[in-house]
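Protein chains: 2
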Amino acid sequence: MSLNIKKDNTKRIVIVGGGFGGLQLANGLKGTPYQVILIDKNNYHQFPPLIYQVASAGMEASSISFPFRRNFQHRKNFYFRMAELRAIFPEKKLIQTSIGKVEYDYLVLAAGTTTNFFGNRNVERKAMPMKTVDEAMGLQNAILANIERAITCSTQQEQQELLNVVIVGGGATGVEIAGVLSEMKRTILPHDYPDLDPSLMNIYLIEAGNRLLAAMSPESSAAVEKYLREMGVNILLNKRVEDYEGHKVLLADGSSISTRTFIWVSGVAAQAVGHLGTEHLGRGRRIRVDTFNRVQGMEDVFSIGDQCIVEGDEAYPGGHPQLAQVAIQQGNNLAKNFRRLLKGKDLKPFRYKNLGTMATVGRNKAVAEFAHIRLKGFWAWLMWLVVHLRSILGVRNKAVVLLNWMWNYVNYNQSLRMIFYPQKATEIKEREEREARMHWGEDLMKDETPKQE
Amino acid sequence: MSLNIKKDNTKRIVIVGGGFGGLQLANGLKGTPYQVILIDKNNYHQFPPLIYQVASAGMEASSISFPFRRNFQHRKNFYFRMAELRAIFPEKKLIQTSIGKVEYDYLVLAAGTTTNFFGNRNVERKAMPMKTVDEAMGLQNAILANIERAITCSTQQEQQELLNVVIVGGGATGVEIAGVLSEMKRTILPHDYPDLDPSLMNIYLIEAGNRLLAAMSPESSAAVEKYLREMGVNILLNKRVEDYEGHKVLLADGSSISTRTFIWVSGVAAQAVGHLGTEHLGRGRRIRVDTFNRVQGMEDVFSIGDQCIVEGDEAYPGGHPQLAQVAIQQGNNLAKNFRRLLKGKDLKPFRYKNLGTMATVGRNKAVAEFAHIRLKGFWAWLMWLVVHLRSILGVRNKAVVLLNWMWNYVNYNQSLRMIFYPQKATEIKEREEREARMHWGEDLMKDETPKQE
C-alpha cells in the first residue's frame, strides 16, 4: 500500500457516504493524524430501520435523522461536504463530485444502496420506494392524500384504487410497513375518517419467493406470516410483479390489483459510481473488495457496507448480507486498519460477527434470532425496541423517539398525520443542481485552514 | 336572517379555513344540532406565532401543527374536507371548491391572509415568505443549503450573496426571525461550520416605516431595536424595497444589498375569494362585515379573523388589527351567535378585548404590552413562552415544544438542521391538482350518513 506523503505529511481520507459504515469509520478515526473528509448528498445521517415509522406518520423525520455537522462539532481536522460522487480518477487520486473535485490519499466508498426497480420504467416512475427519509416523507404524504381523496372521489373504482395499498417485497421493510399500515387501518381510520368504511382499505404484501423474511429461519417467517394474516394483511407468495399500468399492479400470473399507493421495497442495487469498470462490480452492482475491504485492482480505494461485496471470506462465499451490522463492523475494522497503517503494522481481515436479526410487525409482535436463541412475540418486540432505541443517534432523538413510542403504546394515536410540502423546496434544489454544474472544477478543499483550534 | 329548513331540519354551517378563528368557531359549535363542515387546504391546523422557529431549524414543523381529523375525533355531525375555496354562489347557497361543490345554510369565511408582494413579480418569484409551515420548511432548507454552498462556491461575491440574509418587514415576524438567525450566527455557525468565518454572515432587517413593531408602543420599538442592534442585526429604517434582480435587493434610495436568502414578511392581503365583487372588499382585500361578522349585502355569509374587516365598531374605525386574538374572539362570538339563532334570540355584536401583544427576539429578550403594564427583558420573555406554550394544540405538542425549548436553553444547540425534500411530493401534489379538476362537479357531501355513532 503506497504512502505518498502530501503537504504537511497529513494523509487525507475521503469517505463517500455517511450511513452506518461511513459514520462508524469517521468516528473511529477520531484522534488520529488523518485528515478526514466526509461527503454525503444529505447533510444528515439517517436511521433506515425506522423509516417505515416515518412513512406511516408514526414518527417525525427529524427523530431518526441527525445532522453530520452537529455530530462532528469540535472534531479536529474533519470536514463535511454536502455533495454526490460523480466519478473516480484513481490514477490522479482524485474524485469528481457534484460540487467540485477533491484529492485523496485514501478513498472509502460507503454510499450504500438504492432501490432496484429491475429495469422496469413504469414501476420506477410510479412506485414509491422507501429507502430514505425523504422518500418516507413523500410516501406519508401520498398515503394521507389518497385517503382524503377517497372520501370525495367520483367512482367506486377510483375509491378502491385510492384505498388499496400494494407492497412489493416481503423482506423486513415490507413486513414492517405492512404491519404498521394494518395497525393504522384498525386504530386510526375509524376515528380519523368516520365517513369512510375502514374495511375498504386492503393491504397486499407481494413476495416473489415462497416465504416472507427469507433471510431469517422458516419458523420466524411462519410466525410473521401468521401475525400479518391475523392483522388482515393479504399475503401473496410466489407472485411476481410484471408491470404497473393504469393504476393496476400487473402480476406474472395474469391477475392484477388496483392501487394508487404502490410501495416498492423489493430489492436494492449498490449506488453506481462513475468511471468504475464492470470488472470491479459483483452481484447487485456491489463493488468487489478483498477481506481488507480494498477495491480489487485499485490502489488506496476501499469500500464498506452495502455498497461492497467481500470476496475471500470462506464463511460467506456469496458475500455478507446487506445489513447495518455488517456495515458498522466493516467501518470499525477499517478504522482500526488505518490506525495500523500509521504504525506500519499488517492489516487485519474483516470477520463478520453475526449479532442476530429481528423484525417487528406491530405492538408485542416481532421475531428475533441470535446464535442460539429464537424469540417471538412480546420479548422479541421489547428487544427490538431496546436495540433500536440504543442505536439512534443523539440524546434528544432518543428521548423524542421513546416519548413517541410510549405515547403511541398508551393511546394508539399519534398526532403526526400531516401532509407537508416544503414550499419552493423543489426550486431551491433545482437551482442547487443547476448552479452546481457550473462549479464542476472547484476544489472542495481549496481553503483547508481550519478555523477551529 | 333566513332559516330555510333542509332535509332532516339540520342546518349546515360550512367553515372555510381552520386557523385560529375557524377552529375556535368549530370547537364552539360542539353539542349544537348544526352540521359542521370544515374546509381547509391543509389537513392540519398550524400555529403561526412559532413558524419562525421552524424556519430557523429550532423546532419541528410537526410540533406546531395538528391534524384536524385528530382534533375532531368522536365529534358528531362534523366533517372535514381538504380543499380550497374557488367561488361562492350565494343565490344557490353553494360553494365551489378545488375538489367539488357543497351547499350551505350558513357560510363562514375564515381563510386568513396570504403574503402581499404588492404586485412585484420579481419579489414574488424569488423572495421566501414565512406565512405557513410549508414555507418555513422551505426557508429552512434554503438557509441551510446556502450556508453549505458558501463553503465551496467559487467567488467571494457569490459567498457573500449566500451568507447575507435580507429580511423585509419590521413587524413581529421580521424581528423574531432576525433575532433567531443572529442567535444561529453566534451559537451555531462557529461550531457547525468551523471552516467558515461567521462574521461573513450579515443579517439585514429592512423596514419602510420609521420604527420596528409599529403596532406596539415607541418604547417597545426602541427596546427591540436596541436588542437587535446589540445582537449584530443591521436595521435599516425608512427604506423601501423596489425590486430584486441578479441576487440583489434594490432599495428606493438607489442602494442595494446582495443576497440569495431574501425573506419577505412585509405585508399581508386577505385570501382572495372567487366571484366576490369589489363592493364586498375593503383595505388589504379584507371582506367587509358588520359587527355581527355578516358579509354586507350577502345572506347567511359570515367572515371572521384576518380575512375580514369589521365596520361599525367605533373603537376601531379602521378595523381591528389582524391578530390571533381578534380571530379567536370573533370565532367565539360567532359560535355563541349561532347558538342564539337556534333559540330565536338576537345576535350580539363583536367587541374586541385587547389581551395585549408581545414579541421576542432571543433568550431573555422580549417586549410585552397589556392594558396597564409594559414589560421587557426576561419577564416579558418568560411570559411569551408561557402564553405560546399554552396556546399550542395538543398535549404531545406542548410536551415536545417544552422539551425543545429547555434543551435549547441549556445547550444552545438543537439537532434539527436537516435539509429534507419529500420525494415525489411535487408529483403527488401536481397529480392531486390535476385530478381534482376532473371532479369539479362532485358533491363533497353526497354520502352524508355518518359512520360514527
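Protein chains in written order, with the working numbering: chain A, 19 to 471; chain B, 19 to 471.
Glycine included, every Cβ here is placed at the ideal spot set by N, Cα and C.
Is the Cβ-Cβ distance between G39/B and I410/B less than 9 Å? no
Checking contacts by CB at 9 Å: is F280/B closer than that to chain A? no
Under 7 Å Cβ-Cβ, which residues of chain A neighbour P85/B? S433, R435 and M436
Shorter than 9 Å from the beta carbon of W425/B to some beta carbon of chain A? yes
Given a limit of 7 Å on CB to CB distance, which residues of the region 65 to 82 of chain B reach chain A? E78, A79 and S80
Count Cβ pairs between the region 147 to 163 of chain B and the region 50 to 69 of chain B that sit closer than 8 Å; are there 3 or more? yes
Does Y245/B have its Cβ less than 9 Å from a Cβ in chain A? no
Have a look at E201/B and G187/B and give me their C-alpha separation to the nearest angstrom. 19 Å
Span separating the alpha-carbon of K24/B from that of D318/B: In this predicted model, K24/B has a pLDDT of only 44, less than 50, meaning its place in the structure is not dependable enough to derive any value.
If you follow the beta strand (DSSP E) that F252/A is part of, which residue opens it and which one closes it? Here the sequence assigns Asn to residue 252/A, which means Phe is not the residue at that position. Taken as a continuous stretch (DSSP letters only), the beta strand (DSSP E) holding N252/A covers N252 to L254.
Buried or exposed: I391/A, going by 16 or more other Cβ atoms within 10 Å of its Cβ? exposed
Assuming V472/B and F96/B make a contact with CB atoms under 8 Å, what is their CB distance in whole Å? Lying outside 19 to 471, the shown extent of chain B, residue 472/B is not represented and no answer is given.
Keeping to the same chain, check which residues put their C-beta closer than 7 Å to that of P339/A; ignore five residues upstream and five downstream. A233
Given V418/B, which residues of its chain have a CB within under 6 Å of its CB, disregarding the five upstream and five downstream residues? S81
Measure the CB-CB distance between V286/B and T132/B and report whether it falls below 9 Å. yes
Proximal residues to T28/A (C-beta, below 8 Å), its chain only, five neighbours per side dropped: P51, Y52, Q53 and N95
Any C-beta of chain B within less than 9 Å: which residues of the region 42 to 57 of chain A qualify? none
Once the 5 residues before and after T467/A are set aside, which same chain residues still bring their CB inside 6 Å of it? Note on T467/A: pLDDT 43, under 50, position unreliable in the model; the coordinate value appears next. Correct list: empty, nothing qualifies.
Answer yes or no: does any C-beta atom of chain A fall closer than 9 Å to that of E179/B? no
Check whether the Cβ atoms of V344/B and V267/B sit closer than 9 Å, and answer yes or no. no
Only counting the same chain, and skipping five residues up and downstream in sequence, which positions put a Cβ closer than 6 Å to that of Q432/A? G76 and N426
Quick check on E78/A: buried or exposed, where buried means 16 or more other Cβ atoms within 10 Å of its Cβ? buried
Count Cβ pairs between the region 137 to 146 of chain B and the region 279 to 293 of chain B that sit closer than 8 Å; are there 3 or more? yes
Helix, strand or coil: which one does DSSP assign to S217/A? helix
Y122/A: first and last residue of the uninterrupted beta strand (DSSP E) it sits in: It is not in any beta strand (DSSP E) - Y122/A carries neither H nor E in the DSSP assignment.
Cβ of Y97/B less than 9 Å from any chain A Cβ? yes
Y122/B touches chain A at which residues, Cβ-Cβ below 9 Å? Those within 9 Å of Y122/B in chain A number zero; the least Cβ separation is about 16 Å.
K257/B - DSSP class collapsed to helix/strand/coil: coil
Considering only residues of the region 316 to 389 of chain A, which uninterrupted alpha helix (DSSP H) runs meet the minimum length of 4 residues and lie entirely inside it, listed in chain order? 342 to 360
Cβ separation of K203/A and I221/A, assumed to be a contact under 8 Å, to the nearest whole Å: 7 Å
Considering only C-alpha positions, which residue in the set G362/B, Q441/B, F98/B and E225/B is nearest to P212/A? F98/B
In the DSSP output, what is Q91/B paired with across the bridge? Note: Q91/B sits in no beta bridge, so no partner.
Nearest to D308/A by alpha carbon, out of G292/A, V283/A, H293/A and Q348/A? Q348/A
By the 8 Å beta-carbon criterion, what residues does the region 319 to 339 of chain A contribute toward chain B? none
Beta-carbon separation of N60/A and R87/A under 9 Å? no
In terms of DSSP beta bridges, what is Q64/A paired with? S83/A
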